[in-house]
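One structure is given below, encoded as structure tokens.
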């Protein structure tokens, strides 16, 4: 079974959408497959966080449930999830190609391909002439100034804003390094605040 | 013991720096900070100020057996959260109903200094601005002043003991703060633990997630004719836009501090035309030779415009 099929089955399991035979087969695979089980645990952490449950407490609880029930009676989990979560809109699945997300209500789970290190692409670059030096003079004191209060993309449509947010989330992985530390991630976490 | 080990690491770090950087005290502080951010375990609450918005966030960064794990949580409104470990980055936005999970950027070279003093020195003048007290700790103030208008400046207050950034400011072209972060409390040391760490470890015990399939490595048929000074290519790949499946070419440039991403793909219905901004992050989009390019980064809009308007399709590798 391919990884994509595994993930779709995993979603269906959490969603309570598998028949008895399929459920038994997948649970057997969960028991054998460390990677699949790891992903299963992560999805449940996400589900709890999305429902606004306290992350730490929920995570500890989920971890215990994962550990204990996989070892004893894993079948119990599927009906419980079904009772908790409504089925998502049908468009969610094809749009994302990763049905595991659908089990989390309106959640969107995006799997990004692994970025690769520099590979010497044929990208030529020509430096433009150096402009005049424009050094910012260090201020003597820390100050807070009022800038444009933008915490969401000022885009022409919600869809355009969502696309930009995907770019932002993706880019933050490359930006949050070195001197900048977690600062770009703070922008990401702060995104959408102040509505 | 831990303190002694840390001191030895600092000594080793300073020895590893080029002679020019070792003699350059502000750059040495930045190198120490860079290493401390990756190698120390620390936890604290900090405020994030941009525009007229103030956010309170909680950051836990732990290192266990050489493996980093980081969790950043908003303390206001919905508990937006970013978790990063060496396998994946997970962004949870409960109020937006969105989650993204992505394998981490490979750590090639992260065992060494990721800060390159020479490259940073080309784009910024590093300056020591004295000392003071921040978050109840002694602090050393370091500024990174941009050598041109293609990047923003930074003012940092580094912990005098650990070199962790207690306060950071991103400065616009006039030297005014665009974004400020400041810890209000900070704990540092091996005793710092994330309660979630044990939970995730238990849930994921026995194996890491499967690695994502490798990206399709193809020559990118683009030339950047106007790369602002100091920016160098750090990544170029063909990939799918997360969440949409749109095939894109993704190129990243960095000046050693600031990064710019350029996403190039077939025109879509919601493409950005012109400028947009969120917090300190700017974006610029335009049609280029039958394709659409969107550039994004914590740099002035004019820098993004230079990248995009200088984009040329390379005929010899066109498919």
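Protein chains in written order, with the working numbering: chain A, 89 to 283; chain B, 466 to 784. Idealized CB from N, CA, C, for every residue including glycine. Being a predicted model, the structure only gives us computed values, none of them experimental.
query: Beta-carbon neighbours of residue 251 (chain A), restricted to chain B and to distances below 7 Å; result: 735
query: Residue 767 (chain B), DSSP secondary structure in three states; result: helix
query: Distance CB(residue 721 (chain B))-CB(residue 580 (chain B)) smaller than 8 Å; result: yes
query: Among B:685, B:520, B:527 and B:492, nearest to residue 653 (chain B) - alpha-carbon criterion; result: B:527
query: The segment 589-599 of chain B / the segment 729-745 of chain B touching (three or more Cβ pairs under 8 Å); result: no
query: Contact check, residue 617 (chain B) vs residue 636 (chain B), beta carbons under 8 Å; result: yes
query: Outcome for residue 534 (chain B) when other beta-carbon atoms lying within 10 angstroms are tallied against a minimum of 16; result: buried
query: Amino acids of chain B, ordered along the chain, whose beta-carbon sits closer than 7 Å to that of residue 256 (chain A); result: 743, 746 and 761
query: Bridge partners - residue 749 (chain B), DSSP secondary structure assignment; result: B:740 and B:760
query: Uninterrupted alpha helix (DSSP H) stretches inside the segment 567-642 of chain B (no shorter than 4 residues); result: 582-588
query: Residue-chain proximity (residue 605 (chain B), chain A), Cβ-Cβ < 8 Å; result: no
query: Chain A residues whose Cβ lies nearer than 8 Å to that of residue 749 (chain B); result: In chain order: nothing, as chain A lies at least about 11 Å away.
query: Cβ distance (whole Å) where residue 501 (chain B) is taken to contact residue 629 (chain B) below 8 Å; result: 5 Å
query: 8 Å Cβ cutoff, residue 532 (chain B) in contact with chain A; result: no
query: Per-residue DSSP class, three states only, for residue 136 (chain A); result: For residue 136 (chain A), the pLDDT reaches just 48, beneath the cut-off of 50, and the residue's location in the model is therefore unreliable, leaving the point undetermined.
query: Distance between residue 255 (chain A) and residue 557 (chain B) (C-alpha atoms, nearest Å); result: 15 Å
query: Residues that DSSP places opposite residue 650 (chain B) in a beta bridge; result: B:510
query: Under the three-state DSSP convention, the category residue 499 (chain B) falls into; result: helix
query: Under 8 Å by beta carbon: chain B residues contacting residue 247 (chain A); result: 734 and 735
query: Enclosing beta strand (DSSP E) for residue 715 (chain B) [first to last residue]; result: 712-719
query: Pick from B:495, B:519 and B:778 that is closest to residue 756 (chain B), judged by C-alpha positions; result: B:778
query: Backbone CA spacing between residue 601 (chain B) and residue 495 (chain B) [nearest angstrom]; result: 21 Å
query: Any chain A beta carbon closer than 8 Å to residue 493 (chain B); result: no
query: For residue 691 (chain B), three-class secondary structure by DSSP; result: strand
query: Residues near residue 462 (chain B) in its chain [Cβ-Cβ closer than 6 Å; skip 5 each side]; result: Beyond the ends of chain B as shown, which are 466 and 784, falls residue 462 (chain B); an answer cannot be given.
query: CB contact below 8 Å: residue 513 (chain B) versus chain C; result: No chain C is part of this structure, whose protein chains are labelled A and B.
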